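Working notes, structure below.
There are 2 protein chains.
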Amino acid sequence: MSLKLDSVSTLLNEPDAAPVHSVTLFVALVSACIVIGHLLQKTRWMNQSVTALAFGLCTATVIILTTNGKISDILLFDEDLFFICLLPPIIFNAGFQVKKKQFFQNFIIINLFGVVGTLISFGIISIGSAKLFMKFGLTFWDQGDFLALGAILSATDTVCTLQVLNQEDTPLLYSLVFGEGVVNDATSIVLFNAIQKFSVHVTPDTVMQFTGSFLYLFSLSTLLGIAVGLMSAYIIRKLYFGRHSTDREVALMILMAYLSYVMADLFQLSGILTVFFCGIVMSHYTWHNITESSRVTTKHTFATLSFISETFIFLYVGMDALDMEKWKIVKGSPGTSVAVSSTLLGLVLVGRAASVFSVSFLSNLANDSPIDKIGFKQQVTIWWAGLMRGAVSVALAYNKVFGLLTKPLVRLMLQPREESSEISSPKSSSALLPLLANGQDLASELDSVGGGISIRRPSSLTMLITKPTSTVHYYWRKFDNAVMRPIFGGGGEESPPNDILH
Amino acid sequence: MSLKLDSVSTLLNEPDAAPVHSVTLFVALVSACIVIGHLLQKTRWMNQSVTALAFGLCTATVIILTTNGKISDILLFDEDLFFICLLPPIIFNAGFQVKKKQFFQNFIIINLFGVVGTLISFGIISIGSAKLFMKFGLTFWDQGDFLALGAILSATDTVCTLQVLNQEDTPLLYSLVFGEGVVNDATSIVLFNAIQKFSVHVTPDTVMQFTGSFLYLFSLSTLLGIAVGLMSAYIIRKLYFGRHSTDREVALMILMAYLSYVMADLFQLSGILTVFFCGIVMSHYTWHNITESSRVTTKHTFATLSFISETFIFLYVGMDALDMEKWKIVKGSPGTSVAVSSTLLGLVLVGRAASVFSVSFLSNLANDSPIDKIGFKQQVTIWWAGLMRGAVSVALAYNKVFGLLTKPLVRLMLQPREESSEISSPKSSSALLPLLANGQDLASELDSVGGGISIRRPSSLTMLITKPTSTVHYYWRKFDNAVMRPIFGGGGEESPPNDILH
């Protein structure tokens, strides 16, 4: 009881009351955003994130006008909040709900985008800014600063991508751009460490070291996520938690998902990669071992937590954009600020273009079948959708513009292409999946493996050479059914369906 | 992306890595507690909270042995964490799942316990400690300190009560002791403010002021909770959220529940009272306006969040007990510490006994029907179950001992009495409640109104005098059906059932 009284006494002291003020404000604003976003969702130009951004801007304006620019007092939330509370549910839910077959089918291209593409962007932005910034008189930056700038601006932002692209409408683009965002988290951590540790001269030795540490980080992060996911499946299956309590099952899934993230952080791995793969494994095994009410609960709880976090982030970005204190930190005259901003914007555009078009070219070169190739219009959309980055910290104004424009662009560019590549089959397999009200999910996945051509029995080694992904998938299925499922459970390939009860 | 890198760079600096260490440790420990608690739950002497306490003690021992007593570095969690994150879900869930009829039937007794009982305890502990502590040479305490000590130690701890008493087994005791804990939060806030503001001499004037501010705080906190709950019901009903998205409904319920708590904190009201009544209103109205999958999700999500918070708190108390830094703060020789501790323990025991037996005597005096009277054995259980207090902050060692002993005590004391007062009727009303797999909940509530005697039509004013609670309930039902439900929705009296799908 003394704690209660302590909190009362701290409330009475004005300085300590600030957290409660800002928590109340943010909770109220997020609630309002959800209601307004619901009312506006039929409007073409507005979605939940744009509503939240607009709300944040309006609130910040009101606060500035009423308190003479003391917005920093309200915005007490820091980076820890973002990394410890908001980001993990978003990425975990993305892994939990991702169309696994679509994702792994494009695994090689995703890695090309996430590694090679990011390195190309990094090179262009670092070298470009180093050359151009000299002309603006920014001589106090050293080589390390430019390399760090390149590393920061070369990676795409997964949270923005999730808001802008829709998994149902454009599954291929979604898995490419979102997958790239997940993979390049590892790339940027390695890049950043590399900048700090190695000499800046690129020698064959540093390239080897870089490749080695990337492979180390990537594989360890992935393995950690898979290990924690499998452990949760094994524990829940063996101890059969649901016999006693749904709450215990749900609590264990939430906690172990979060555990994978913080463990990765602790071991200086990529938490995003880890929690993403943990989500994939949990939806493939753990989710099938729990009771029906736990399935409904986990599916909606993860989606809800992710939804709240996303809304919160966009609201925060909107408020942050008007934080005068942060703008004052930018050194130099207004003219220099504009020049620097537009140079960076140009470099990001060029770097992204170079990376997307070259990786797409490589990928198309390796693919024979015309249906697997990435068309020019798709390349433009990937280029555009991946432009938004660092929304939360950099809070660059142009992010918002891009967000507004991407939805119509996707519609404009991809109408004919996407429809042809997403053939929906007759809903025949629903009897196999009692929980999946319509079999669309599985059916379309069965169709899309091998690019629309149904593969029943790949019987020769030629398969492995001509269609490596499908063949790997075939053997994986065999292994999964023979070894993994008897140990870890799991009923099928499908992700948790969109609405389990209807 | 820059934020990611920032977090990486902060991870590299050792001092900032501490939060990640402790978060990882706590998440891993809570997960382990849940698994071990599941395995041990058939054991008579162990429950989830005792497991968590034991775990905390063991972990603290290991940390002390390996790091030479630097446990304070790991325990970076502070009171804000407890009040902003852990307490709200526990109290809200208690309100959401409480047997409403049982609770309101005993509303007057609960308020007697929560107000009069707390004041009696407060008086005994304050005056007693002031008289006795002089003898131990503790002359540096002034009158205000003793009054604050009385206010701190006179209120019971709701979190402990929830763990020790079971709503299903002993509904009357549960609603009395838990309800008392909710109400006395308001009492203790008023007491604490009163100590700071008013003179310590008790005059008719200060009594009036105290009564006034208690009524103000109690009614405003309750009204705020009810208002936010009704608002959520109205918004969800009018805008029909479920048509589009279950996640939005669930997010809105979680956020508005939390909003009620932080708003109460902001207005210096009792957050516990507010969020408790918000939970009651949400389970009565809002919960009936949402889709079926949202119902399953909210019910289990609230229970899970509460479960995780409780486990975490007990784990934390276990670890906190071995925190050497805190023990060093206790001034004086070991002998004085023991004397002070045992004096306080004695005063708490006596104060609690005085308040429980006098309030029970008053309550029994007002009640004619022998079935409504609180028996001596029940009084002893109420006395005992309400002894645990301030678990988190005071971390008194005797809490744990009480926790261990209460479960068998309840079983010993209440076998005959409880069975007679909880008559279960034939499960006939299940057809009316498609979601309630067996109608036990409603049926037993129908039975228990008026103490086991079924009341169909109270037709005269005599009813109001002889059975005030039942009559108020009868008119409330009429009002609820005629006015409230058409506006705010709501399908029945029942709380969300224990397992909705089975």
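Line by line, the protein sequences are chains C and U. Our numbering puts the first sequence at residues 1 to 502. Our numbering puts the second sequence at residues 503 to 1004. Each residue gets a CB set at the ideal place from its N, CA and C atoms; glycine is no exception. Treat the numbers as computed from the prediction; the structure is a model and nothing was measured.
- Going by beta carbons, residue 590/U and residue 787/U fall outside the 8 Å limit.
- Interface flag for residue 49/C against chain U is unset, since no Cβ pair is found closer than 8 Å.
- Taking the Cα positions, residue 125/C is about 33 Å away from residue 308/C.
- Neighbours of residue 31/C in chain U, taken as residues at a C-beta separation under 8 Å, are given in chain order as 754, 757, 758, 761.
- Taking 4 residues as the minimum length, the alpha helix (DSSP H) runs contained wholly in the region 582 to 650 of chain U are 589 to 599, 602 to 607, 609 to 613, 620 to 635, in order along the chain.
- Not a single C-beta of chain C is nearer than 8 Å to the C-beta of residue 569/U.
- Sequence-distant partners of residue 816/U (beyond 5 residues in either direction) whose C-beta falls short of 6 Å from its own C-beta, in its chain, are 551, 554, 555.
- Under the three-state reduction of DSSP output, residue 374/C falls in the coil class, being neither helix nor strand.
- At a beta-carbon threshold of 8 Å, none of the residues of chain C lie near residue 783/U; the nearest stands roughly 16 Å away.
- Rounded to the nearest whole angstrom, the CA to CA distance from residue 306/C to residue 649/U is 46 Å.
- At a cut-off of 8 Å between C-beta atoms, residue 233/C does not count as an interface residue with respect to chain U.
- A contact between stretches requires three or more CB pairs, one per stretch, nearer than 8 Å, and the region 745 to 762 of chain U fails this requirement with the region 709 to 718 of chain U.
- For residue 209/C, the three-state secondary structure derived from DSSP is helix.
- Contacts with chain C at 8 Å (Cβ-Cβ) do not include residue 674/U.
- In the structure shown, the three-state DSSP call for residue 379/C is helix.
- The alpha helix (DSSP H) runs of length 4 or more contained entirely in the region 762 to 797 of chain U are, from start to end of the chain, 773 to 783.
- For a cut-off of 8 Å, the C-beta gap from residue 176/C to residue 540/U is around 41 Å, too long to register as a contact.
- At a cut-off of 8 Å, the C-beta of residue 767/U has a neighbouring C-beta in chain C.
- Nearest neighbour of residue 346/C by Cα position, chosen from 35/C, 103/C, 128/C, 101/C, turns out to be 128/C.
- Cβ-Cβ distances below 8 Å link residue 864/U to 614, 618 in the same chain, with the five nearest sequence neighbours on each side left out; the list follows chain order.
- Below the 8 Å Cβ cutoff, chain U contributes 737, 741, 754 as neighbours of residue 35/C, in chain order.
- The beta-carbon separation of residue 726/U and residue 771/U, rounded to 6 Å, stays under the 8 Å limit for a contact.
- The shortest CA-to-CA distance from residue 721/U to any of 683/U, 708/U, 739/U, 773/U is the one to 773/U.
- Residue contact check for residue 293/C against chain U: a CB pair falls below 8 Å.
- Residues of the region 627 to 653 of chain U with a C-beta less than 8 Å from any C-beta of chain C: 650, 653, listed in chain order.
- Put simply, the CB of residue 20/C is near chain U, with a gap under 8 Å to one of its CB atoms.
- Residue-level contact check: residue 177/C does not touch chain U, since none of the beta carbons of chain U fall below 8 Å from its beta carbon.
- Non-local C-beta neighbours of residue 803/U in its own chain, meaning closer than 8 Å and more than five positions away in sequence, comprise 752, 756, ordered along the chain.
- At a cut-off of 8 Å between beta-carbon atoms, residue 854/U makes no contact with chain C.
- Within its own chain, the residues whose Cβ lies closer than 6 Å to the Cβ of residue 778/U, once the five positions on either side in sequence are excluded, are 593, 597, 684, listed in chain order.
- Approximately 6 Å separates the beta-carbon atoms of residue 186/C and residue 221/C; this is inside 8 Å, confirming the contact.
- Spatial neighbours of residue 532/U in its own chain (CB-CB distance under 7 Å, excluding positions within 5 residues in sequence) are listed in chain order as 810, 813, 814, 817.
- By the neighbour-count criterion, in which 16 or more other beta carbons inside 10 Å mark a residue as buried, residue 476/C falls on the exposed side.
- Neighbours of residue 526/U in chain C, taken as residues whose beta carbon is under 8 Å from its own, are 259, 262, 263, 265, 266 in chain order.
- In this model, residue 283/C and residue 97/C are separated by some 7 Å (Cα to Cα).
- Linking residue 562/U to residue 529/U through their CA atoms gives a straight-line distance of about 15 Å.
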